[in-house]
Amino acid sequence: MPQTLTEKILSRAAGKEVSPGDVVEINIDIVAFHDLTGYHVIEVMEKAGIEKVFDKNRIVVAFDHLAPPPDLRSAEIQVYIRKFVNKMSLPNFHDINFGILHELLIERYALPGQVIVAADSHTTTSGAVGAFAQGMGASDVAAAAITGKTWVVVPSPFKVELKGNPAKWVTGKDVALKLLGDFKADYFNGMSIEVFVENPSAFPMDYRATTSNMGIEMNADALMFVPDSETASYIKSMRGYEPKLVTPDKGAKYADEYTIELNKMEPLVAAPYSVDNVKVVNEVEGTPVDQVFIGSCTNGRLSDFEIAAKILKGKKVKSRCIAIPASYEMFKKAMELGYIETLVNAGCIVTYGTCGPCLGGHFGVAGPGETIVSTSSRNFRGRMGSNDSKVYLSGPAVAAATALYGKITDPRVIEK
Amino acid sequence: MIIEGPVMKFGDKIDTDIIIPAKYLKYTDPQYLAQHAMEPLDPEFYKKASKGVIIVAGKVFGMGSSREQAAIALKAAGVKAIIAESFARIFYRNCINNGLPLITLPNATKEINEGDVVRINVETGEIEVVGKKKLQGKGIGGMALEILKSGGIMEYLKKLKV
């Protein structure tokens, strides 16, 4: 029977043909964790008295949530994990100067057709290269790291087609928000989303990573882009080799299908306090904003900084603006291309490779009564700091235009 | 597995940032986490839940982050089971791994009220709203039940001598 990408990947991983609804044990290609969940994973192993990993080359560890450590407890957590990394001789360890786990996974490790399990919900990001990638809790990830296996309920695959070329300032965030606005946050529960791109180069890897990243906000089990020429050229450019592309069979059956015409889209935002409270930017235009955050595993990539730099070049921001490329590679490229200089000259605070502001951790926690426009993935009550703060989610263009005027601004009014 | 308790009711999309805010995630001690369970919605939650309650909630309960502390905090605060119209996948697994039983029941928030006492059968999914009515939800079966009964995935693995 023709198989969807979901069925193809999970059938290989289970060693037998699987269908939606089956509960199966599967082999995992990569198991990963970061600092804030990693110490918990190791605690679970220690408590059970089983401290071993199934294959040290298939474990990826990155420090990002507590990077660089904002307090003593964070530093303690990192010391504890470094000891474990040394004890297990794990080669794929990324200390605080590398970047956010999910960005490192797509830059260096994830491949089409793989199964990836990590102790963080935004693991769905690796779906951008066509991997079945899921977040899990500390206990499940501890078990996965020890055995190289986990159990899953095979999700029901849903097909999304992206047609044409994106309208001005429309990127991966707008596609994610459109799916959330049109279907709401509970619709894809128990489903996997497979995205087919009509013109692969019109929707590049940066955009795909953003959309896949927010698959978890749709409560999808995975959000995968069907590997194509863009997938191949991205992996070639980042790692120097051609990946084998795993794709769904022609005629595979989907639970349902949905088409998005990219050229008819508009810049969108998600208003407080829900990821599916989606509006066209005009509807909230003029809302005063205290702080803008451009970064995170959702939107901390080169194209995000290119867009922000385009809008902020030669200007000064009116609101506080914190800009954080997701990895050292992204930071370095943005620096070489002059984007970092442009943002610093515009008055932004720039660092790299920390999740800090997105989870209200550090490097820009939202104060009482403050309004934030953020390119990150969640606007839940209290997410970025005070319970009385409000977060609007947007792509990089709305965020940069908003920083420029100190109020929510439609980037289409700025002629560039 | 039969569990009985008074109902505390919540709406749709109760996310993990509400269940346990990120600022408490640097620790895993259940008693510490319990004091901050549901804090953004109700700072007194842990006092109200301490008598042993069953949460009834709407759609995608536990959506958001992978933090296992969400399941740990609720259980330690006194939550004996959760009935929801649907659950977020990661949270569901975290509950199974921490011995917190779950039942899925469409229309749960319409059928059950705050203050009702419910008696549930975790395996069959049967729910009795004591003195009022009987409802049929979806309980826990298969491997998930084995893991729950073992006391979590690690205990389950130990039994299998991994």
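Chains A and B, in that order, are what the protein sequence lines are.
Residue 74 in our numbering sits at position 74 of the first sequence, and the numbers go up by one each step.
Residue 25 in our numbering sits at position 25 of the second sequence, and the numbers go up by one each step.
All C-beta atoms in this analysis are idealised placements derived from N, C-alpha and C, irrespective of residue type, glycine included.
All values reported here derive from a predicted model rather than from experimental measurement.
A residue is called buried once 16 or more other Cβ atoms fall within 10 Å of its Cβ, and residue 75 of chain A, having fewer, is exposed. The closest CA to that of residue 96 of chain B, considering only A:85, A:40, A:151, is found on A:151. Under DSSP, residue 374 of chain A shares a beta bridge with A:293, A:393. Distance check between residue 383 of chain A and each of B:146, B:27, B:14, B:100 places B:14 closest, using alpha-carbon atoms only. Residue 156 of chain A carries a strand assignment under DSSP once its states are collapsed to helix, strand and coil. Between residue 12 of chain B and residue 186 of chain A, the C-beta spacing is below 9 angstroms. A direct Cα-Cα distance of roughly 33 angstroms separates residue 189 of chain A from residue 369 of chain A.
If you draw a straight line from the Cα of residue 33 of chain B to the Cα of residue 72 of chain B, it is about 7 angstroms long.
Looking at the backbone, the Cα of residue 94 of chain B and that of residue 208 of chain A are separated by about 28 angstroms. Residue 192 of chain A sits in a strand when the DSSP states are folded into three classes. If only uninterrupted alpha helix (DSSP H) runs of at least 4 residues are considered, those enclosed by the segment 64-102 of chain A are 72-88.
The beta-carbon of residue 145 of chain B is placed no less than 9 angstroms from the nearest beta-carbon of chain A. Taking a C-beta cut-off of 9 angstroms against chain A, the contacting residues of the segment 21-46 of chain B are 21, 22, 23, 25, 26, 27, 28, 39, 40, 41, listed in chain order. Rounded to whole angstroms, residue 147 of chain A and residue 53 of chain A show a C-alpha spacing of 7 angstroms.
Contacts with chain B at 9 angstroms (Cβ-Cβ) include residue 47 of chain A.
The beta carbons of residue 180 of chain A and residue 275 of chain A sit about 5 angstroms from each other, so the pair counts as a contact at 8 angstroms. The alpha-carbon of residue 295 of chain A is positioned some 14 angstroms away from that of residue 125 of chain A.
For the pair residue 281 of chain A and residue 410 of chain A, the CB atoms are nearer than the 9 angstroms cut-off. At a C-beta separation below 8 angstroms, residue 77 of chain A has these neighbours in chain B: 26.
Taking the C-beta atoms as reference points, residue 364 of chain A is found nearer than 9 angstroms to residue 293 of chain A.
Your pair residue 373 of chain A and residue 322 of chain A does not check out as a contact, with CB atoms roughly 11 angstroms apart and the cut at 8 angstroms. When beta bridges are read from the DSSP output, residue 150 of chain A appears opposite A:26.
Remark: three or more beta-carbon pairs, one from each stretch, lie closer than 8 angstroms, so the segment 52-66 of chain B and the segment 75-84 of chain B are flagged as touching. Chain B has a Cβ within less than 9 angstroms of the Cβ of residue 189 of chain A. Restricting attention to B:8, B:157, B:133, B:148, the CA atom closest to the CA of residue 52 of chain B is found in B:8. Leaving aside the five residues that flank residue 271 of chain A on each side, the residues in its chain whose CB is nearer than 7 angstroms to its CB run, in chain order, 277, 279, 284, 392. For residue 255 of chain A, the CB contacts under 6 angstroms within the same chain, skipping 5 residues up- and downstream, are 156, 158 in chain order. The beta-bridge partner set that DSSP reports for residue 321 of chain A consists of A:292. For a Cβ distance threshold of 8 angstroms, residue set 40 of chain B lies close to residue 387 of chain A, ordered along the chain. In the displayed model, residue 14 of chain B falls within coil according to three-state DSSP, outside both helix and strand. Chain order gives the chain B residues near residue 136 of chain A as 66, 90, 93, where near means a beta carbon separation below 7 angstroms. Between residue 99 of chain B and the set B:160, B:76, B:148, B:54, the nearest pair of CA atoms involves B:148. With fewer than 16 neighbouring CB atoms inside 10 Å of its own CB, residue 1 of chain A falls in the exposed class. Residue A:387 holds the alpha-carbon nearest to the alpha-carbon of residue 366 of chain A among A:387, A:349, A:316, A:355. Looking at A:252, A:213, A:50, the one whose alpha-carbon comes closest to that of residue 299 of chain A is A:213. A direct Cα-to-Cα measurement between residue 131 of chain A and residue 119 of chain B gives close to 42 angstroms.
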